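Residue numbers (my numbering), protein chains in the order written: chain B, 139 to 502; chain U, 14 to 399; chain C, 7 to 614. Glycine is no exception: its CB is placed at the ideal position from the N, C-alpha and C atoms. The structure presented is a predicted model; accordingly, all values stated were derived computationally and were not measured.
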Amino acid sequence: MPGIVLKNVSKKFGKVAAVNNVSLEIGDGEFVALLGPSGCGKTTILRMIAGLEEPDDGEITIGDEVVFSRRKGVFVPPGRRNVGMIFQNYALWPHLTVFSNIAFGLEIAGVPKDEIRRKVQAALEMMQIQGFENRYINEMSGGQQQRVAIARMLVTGPGVFLMDEPLSNLDAKLRLDMRAEIKRLHADLGRTCVYVTHDQVEALTLATKIAVLDKGTVQQFAEPMELYRVPANLFVAEFMGNPALNVLHGSVREGRLVVEGFGELEAPAGTLPTAAAGVIATLRPEDVLVYRTHEPGSVEARVHSVLPTGPEVIVRARCNRVTLTIRQSPESDVKPDEVIYVKPRQGAVNVYDKRSNTLICACV
Amino acid sequence: MSRKVLLSVLVVLTLVMLQAGLAWGETPQEKWLKDAKLGPYAPAAEDWQAIYEAAKKEGRVVIYSMSSRVFKLKTLFESAYPGIEVIPYDLPTNTQIEKIKREQASKVYNADVCLLTGGSLIIHDLVKSHLLWNFVPPEVRDVLPPQYREPIMGHHISMKVVIYNSEKYSEPPVKSLWDLTKPEWKGKVLFKDPFRDTGNMEWLMTVIQHSEEMAAEYKRVFGKDITLTTENAGQEFIKMLVKNGLVLMSSDGDIAKAVGTKGQKDPPIGICDYGKMRDVIDGKLVFNVAFDVKPVTGVFQPAFLGIVNQAPHPNAAKLLIKFMMGDKQGGLGLEPWHVPGNYSVRTDVVTPAGAKPLSEMNCWMPDFEYIYYHTAEFFDFWLSLL
Amino acid sequence: MRAVSQGYQMDSVTRAYALYRVRRFLQTPYKVAGAVLIILLAYFIIGPLVTMMQTTLTWQSEDLRYAPGVSPGTLTLFHWSRVLFGRTSASMLWKPLMNTMAISVGVSVLALAIGGVLAWLVVRTDLPFRHLVSELAVIPYSLPSWVIALAWIVVFKNRQIGGVTGLFEYITGASPPNWLSYGIIPITLCLALHYYSFAFTLISGALSSVDAELEEAAEMVGATRAQILRKITFPIVLPAILSALILTFSRAVGTFGTPVFLGLPVRFYVLSTMLYANMENRFVSNAYILALLMILISAATVYANTRIIRARRSFVTLGGRGFRRRLVKLGRLKGIVTLLVAGFLAVGVLLPLVVLVWQTFMLIEGDFSPSNFTLHYWIGLPNPRFAEGEAGILRNPMILGGAWNSIRLALTTALITGVAGTLVGYVVAKGRHTLLGRAVEQLTFLPFLMPSIAFGAIYLTMFSRPHWIIPSLYGTFSILVLTCSIKSLPYSARSGISSMLQIGGELEEAAEVAGASWFTRFRRILIPLSKSGFLAGFLLTFITIMREMSLIVLLVSPSTRTLTTMTYRYNEQGLNQMGDAITVLLVTLILISNFAIKRVLRSREETS
């Protein structure tokens with residue numbers, strides 16, 4: 139299975155740089171999610187890999203083949219890049235039946251009739267939509283359409299799967315089903331996958347590696363848990379949290395970290411610079427420990443509101459003029475206006491430089 | 014190897030030069046003239062049997078005609094000469110000239126024969142520039158007055174004259190052209206739009222050319238010299254006519270209908286093609302020509318006949334033209350035009366039954382040279398009256 | 007040495023890159039198609055304008071009639087100064103211009119009033135038979151604009167001018183006055199009775215796209231029905247109203263048939279008829295100056311329109327999606343309003359058609375009694391006593407030939423513009439943000455600005471001699487097809503763009519990823535998907551061309567005459583029954599096609 143390499147790829151639309159000097163190395167068989175807010179350039183990168191968009195500069199390699207290189211003057215058209223793609227709105231052809239939709243690519247490739255039949259059947263079976271062959275697309279539900287779109291991508295056996303927010307049009311339950319379906323597919327077939335999404339949960343659940351993008355550049359490219367635990371910069375940190383993580387302004391004095399709300403926090407020796415005027419410490423909601431009574435290192439806080447969501451309870455509490463977001467188990471029985479004691483979980487605070495927004499030290 | 018190449022190059026070159034030489038030697042127009050035996054190649058006598066045979070091979074003949082009676086001609090000709098289809102198009106003179114000029118410029122050769130009025134344009138725009146060729150069947154050459162033999166053969170003469178409703182008026186209600194400018198005829202004189210009919214343009218311009226006679230007639234009618242607000246008495250007449258509410262119509266047929274419909278209390282007067290008398294004879298309308306209007310009751314309008322340059326069916330065209338020139342009784346292809354109001358240009362054809370002889374018609378003959386060089390000036394003058 | 011070799015290397019890199027760009031250009035179909043379109047459009051749209059301008063600025067051979075000494079082809083301002091300031095400029099330009107303006111203003115205001123009120127009644131009230139009313143109300147627009155003028159003549163022709171009595175005099179015994187029979191008043195009324203249906207379509211579309219929630223929101227805060235109408239509904243549909251006003255105006259400026267039939271007897275000229283008169287008398291330069299001025303007026307109004315609605319696309323009918331609508335109860339007025347609407351439709355829509363049909367059954371014109379009934383003008387054998395001896399239209403090969411020409415022209419044009427419109431749509435949709443896409447979009451819009459008769463005049467000159475690679479087209483069927491195609495392009499391009507915006511994105515890309523070539527993509531994806539939109543556009547163009555007269559009246563030759571131009575000729579000659587029978591034949595053909603359009607559109611709605 140081929141890997142994908144992007145080298146210094148840039149693309150402008152008019153004067154706006156949609157993708158700015160991006161380099162990515164996607165390993166063979168990896169499932170990479172391109173994650174970011176709308177307009178960050180993730181779809182453009184996907185389309186450039188597919189060949190639907192021509193970069194202004196740089197080089198793209200799929201497997202051993204250079205599919206685009208400005209310097210070498212190479213451009214391989216989409217149909218010859220050995221990639222399959224699922225579009226955001228599925229792009230299923232409404233004038234064709236399910237069978238014809240799936241068979242289209244095989245027909246183009248000149249596959250014999252009975253082999254087409256066999257392959258389409260296999261794809262239908264794989265996606266559990268046998269028996270729908272003769273239906274038209276608008277006679278199918280959203281989830282079924284999604285399955286057809288996946289079957290159409292699979293059937294030609296491309297080395298790379300490209301998916302552009304394929305689940306964004308589905309309702310919550312279906313989305314979960316399809317997520318599982320896609321994950322299973324990747325496990326079974328082991329193809330290299332590039333998956334565009336703006337939903338970090340989707341990225342975290344599906345991907346083996348995530349590239350977080352903003353303003354056309356890669357902010358961080360890492361494995362999901364690393365990305366979650368140690369965001370390389372504040373943008374990634376804020377984008378990954380749900381609910382949003384606690385952002386606390388602070389400073390470093392004589393090697394000690396002082397943040398608003400909690401005051402002085404202990405840090406492993408040598409991890410912090412001796413002095414920094416402005417830093418930002420982040421603390422995920424689940425990493426705020428809550429006590430009924432005072433514990434060493436904890437500070438007093440007053441509960442502002444309690445927001446149960448079912449599997450968890452989000453507690454908002456004021457602590458020295460700072461509002462903290464705290465994730466609690468559903469058993470939690472804190473009440474509004476109750477006084478509680480809070481403290482950060484050991485090793486869960488990340489410290490960023492205020493000016494550059496980059497990570498200074500992780501796991502304080 | 015290289016000799017072969019050289020040889021073939023030489024052969025090709027020779028062929029190209031031969032081709033070019035042929036083209037230099039003879040233009041398509043000249044070739045057509047030769048084949049059609051027209052213009053400088055016209056024989057002294059025509060072999061009509063051979064022409065008929067050639068025409069049958071051509072199969073059809075396309076005629077542009079300013080007279081809708083061409084449809085009648087079609088029936089007559091097709092029964093006289095089976096095997097040749099007549100494709101008639103009824104087009105006003107203006108349109109015909111415009112079409113012929115553009116078609117010829119585009120090397121589109123649609124039409125074979127033209128029957129049209131507007132002598133000044135025919136001579137200047139068509140005949141002089143060889144877009145229309147004169148063809149005089151030798152059989153009729155001697156019975157044509159010289160002005161209808163060259164530069165282009167005439168076919169028939171019609172005229173636009175003053176007509177009145179003869180049911181309401183037993184006597185012509187007007188005695189002079191100037192009477193038409195009097196208040197009692199305000200808004201009641203009908204005339205075809207000169208912008209649409211060269212004939213009516215010529216009519217008005219002829220009146221202008223005869224300004225002296227118009228001035229004299231004015232004095233006779235009103236008993237005093239005319240005071241001019243325009244350049245001459247002719248223009249003055251036209252101006253007064255327009256100011257008196259001259260009604261412009263789109264066809265002479267409409268004028269005849271408006272004047273001649275039965276049972277009118279207050280019918281108008283019209284200046285209209287004498288040929289519309291057919292409807293009176295048929296009993297559909299009641300009008301008569303005011304023959305004694307002074308200085309004239311109208312203006313002649315000769316129609317001419319010619320073969321279009323590089324016509325695709327020249328033999329059929331010749332045959333059709335000969336047929337149209339008719340016989341002494343006004344029969345054959347002349348029949349549709351052998352009616353009161355039309356006169357063959359042939360001197361030996363009898364006057365149609367029920368019509369005055371041509372010599373008794375009190376009309377002016379337009380001067381085509383004068384008209385050609387005064388059209389633009391007249392166009393402006395007419396516009397200024399609108 | 008080294009520097010030189012480096013320089014050489016750089017060159018080879020840039021050359022390779024240039025080659026690469028060329029290859030990529032050729033691989034990108036919308037760019038190739040766009041480039042080809044730009045060249046073609048510039049040639050067929052900008053070219054004629056330049057030619058026309060050139061003609062007005064040089065001496066022509068016809069000018070020898072004015073100025074015998076000049077040499078044709080040399081530069082001169084003579085024509086412009088003559089038309090604008092010369093002795094005859096009042097009659098040639100200023101009076102017709104004033105007339106044109108007066109008529110256009112009158113027509114647009116009247117048409118808007120009628121169309122607007124009718125639209126409101128149909129869309130927003132509980133008027134009975136609303137569906138039927140709206141079906142009837144749009145009929146005039148699919149017919150030639152001069153049909154009503156012909157019917158007007160049949161009714162109001164007065165004895166003094168027409169000679170034969172009209173229906174009015176036949177019934178009342180009194181001769182209608184000239185001002186009612188001919189001139190500015192009947193022209194304005196007849197045109198308004200035609201163009202109101204355009205305003206109706208536009209405004210009812212806008213009205214039905216107004217969400218009732220907007221009005222309910224106002225009702226919640228206590229606004230009265232009149233306040234809601236004035237403060238909410240009216241401002242929302244105002245852009246549509248203004249476009250209807252302006253577009254009606256610009257169309258009325260270019261109209262030819264009605265002023266020709268109703269203006270001439272009282273020597274009433276508008277720009278279009280004056281242009282025609284100049285053209286017919288071969289004062290071509292004058293005609294072109296008038297044409298350029300008409301284009302200018304038209305362009306100014308359309309510019310005003312785009313300024314007002316800020317969206318160029320909306321010159322096509324807005325297709326309103328059906329929201330939930332609340333109907334205003336007419337209450338006690340219901341009876342009288344229904345009667346008024348019924349009366350209007352009967353008089354304004356049905357009566358003209360009935361009168362025209364009746365006319366064709368009258369052996370002698372003006373005799374409305376049953377004893378005068380005949381089928382002669384339909385199926386009669388040639389009889390020298392009637393219609394100059396021509397056979398009834400249904401057995402007259404010339405007229406049947408004309409009908410065939412009409413159909414052939416409409417079909418060919420619809421096919422060509424349909425394909426061209428789809429292609430334009432593809433280029434514009436794909437190249438939406440590129441200069442190329444915008445340029446193509448703007449160019450295809452230009453013919454809309456040119457009044458039909460002026461457009462015909464341009465093409466007559468441009469293509470009546472060989473022009474670059476195009477042979478002379480004068481008198482051929484091709485020139486009609488070409489002219490009609492270019493003139494209808496703005497409409498088909500709009501529908502092409504909107505349908506391609508829907509299908510041109512992912513659906514095509516999915517096929518591209520599957521390895522389908524451009525040709526395959528077009529054949530298997532784009533064409534099948536745009537089929538129903540294509541068909542609807544095809545039929546609309548078909549109808550537009552079937553009823554077209556102003557555009558081709560200068561271009562037809564005897565063998566390419568269409569029904570519309572034949573009608574003109576017969577009526578001009580006073581063979582009114584024949585002319586009207588041809589019109590009735592034409593109307594029948596159009597109504598049948600119109601019915602077909604509705605069927606197609608309906609089935610399209612059902613499948614999607």
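Check	Outcome
If you reduce the DSSP assignment to three classes, tell me which class Phe-204 of chain U lands in.	strand
For chain C, is any of its Cβ atoms less than 7 angstroms away from the one on Ala-118 of chain U?	yes
Let me know if Arg-236 of chain C comes out buried or exposed under the rule of 16 or more other beta-carbons within 10 Å of its beta-carbon.	exposed
In the structure shown, what three-state DSSP assignment does Phe-359 of chain B receive?	strand
Less than 7 angstroms between the beta carbons of Phe-270 of chain B and Val-236 of chain B, yes or no?	yes
Alpha carbons only, please: which of B:Arg-313, B:Asp-315, B:Gln-338 and B:Leu-344 is nearest the one belonging to His-324 of chain B?	B:Leu-344
In three-state terms, what does DSSP make of His-336 of chain B?	coil
Could you have a look at Ser-148 of chain B and say whether DSSP puts it in helix, strand or coil?	strand
What number of angstroms, rounded off, separates the C-alpha of Lys-181 of chain U from the C-alpha of Asp-265 of chain U?	20 angstroms
Can you tell me the Cα-Cα spacing of Ala-349 of chain B and Asp-337 of chain B, whole angstroms?	13 angstroms
Out of C:Ile-209, C:Thr-239, C:Leu-417 and C:Ile-154, state which residue places its alpha-carbon closest to the alpha-carbon of Leu-199 of chain C.	C:Ile-154
Roughly how many angstroms separate the alpha carbons of Ala-229 of chain U and Lys-237 of chain U, rounded to a whole number?	9 angstroms
Of all Cβ atoms in chain B, is any one closer than 7 angstroms to the Cβ of Ala-205 of chain C?	no
Within the continuous alpha helix (DSSP H) that includes Leu-532 of chain C, where are the two ends?	Run containing Leu-532 of chain C: none; DSSP gives neither H nor E here.
What are the start and end residues of the alpha helix (DSSP H) that includes Tyr-122 of chain U?	Counting along the chain, Tyr-122 of chain U falls outside any alpha helix (DSSP H), and DSSP gives it neither H nor E.
Note down the Cα distance separating Tyr-202 of chain C from Leu-195 of chain C, rounded to an integer number of angstroms.	10 angstroms
Are Leu-455 of chain C and Ser-609 of chain C touching if we call contact CB-CB under 7 angstroms?	no
Report, in whole angstroms, the separation of the C-beta atoms of Thr-94 of chain C and Ser-397 of chain U, which I expect to be a contact under 8 angstroms.	5 angstroms
Ser-81 of chain U by DSSP, collapsed to three states: which one?	coil
Can you give the Cα-Cα distance for Glu-245 of chain B and Ile-485 of chain C, rounded to whole angstroms?	43 angstroms
Can the beta-carbon of Gly-408 of chain C be found closer than 7 angstroms to that of Gly-398 of chain C?	no
With DSSP run on the structure shown, which of helix, strand or coil describes Ala-269 of chain U?	helix
Report the neighbours of Glu-286 of chain C on chain B: residues whose CB is nearer than 8 angstroms to its CB, in chain order.	Within chain B, no residue comes near Glu-286 of chain C; the closest Cβ sits about 51 angstroms away, beyond 8 angstroms.
Suppose the cutoff is 6 angstroms on Cβ atoms and the five residues either side in sequence are ignored; what does the same chain contact list for Val-374 of chain B look like?	Val-350, Gln-357 and Gln-358
Does the stretch 442-459 of chain C come close enough to the stretch 555-562 of chain C to have 3 or more Cβ pairs within less than 8 angstroms?	yes
Quick check on this structure: which residue in C:Ser-501, C:Pro-534, C:Phe-91 and C:Ile-247 has the alpha carbon closest to the alpha carbon of Thr-547 of chain C?	C:Ser-501
If you follow the alpha helix (DSSP H) that Leu-256 of chain C is in, where does it begin and where does it stop?	In the sequence on display, residue 256 of chain C carries Ser and not Leu. Per DSSP, Ser-256 of chain C belongs to the alpha helix (DSSP H) from 240-260.
So, are the CB atoms of Ile-478 of chain B and Val-397 of chain B less than 7 angstroms apart?	no
Secondary structure at Phe-299 of chain B, three-state DSSP: helix, strand or coil?	strand
Kindly give me the distance between the Cβ atoms of Ile-176 of chain U and Ala-303 of chain U, rounded to whole angstroms, as I take these residues to be in contact under 8 angstroms.	7 angstroms
Of all the residues that make up the stretch 238-252 of chain B, which are near chain C by a beta-carbon distance shorter than 8 angstroms?	Phe-242, Gly-243, Ile-246 and Ala-247
If you draw a straight line from the alpha carbon of Leu-327 of chain B to that of Val-298 of chain B, how long is it in whole angstroms?	11 angstroms
Below 7 angstroms between beta carbons: does that hold for Ser-119 of chain U and Ser-470 of chain C?	yes
Can a CB atom of chain B be found closer than 7 angstroms to the CB of Tyr-201 of chain C?	no
Can the beta-carbon of Glu-98 of chain U be found less than 7 angstroms from the beta-carbon of Gly-481 of chain C?	no
Could you round the C-beta distance between Val-126 of chain U and Ile-165 of chain U to whole angstroms and report it? I think they count as a contact, below 8 angstroms.	Their Cβ separation, rounded to whole angstroms, is 12 angstroms, which puts Val-126 of chain U and Ile-165 of chain U out of contact at 8 angstroms.
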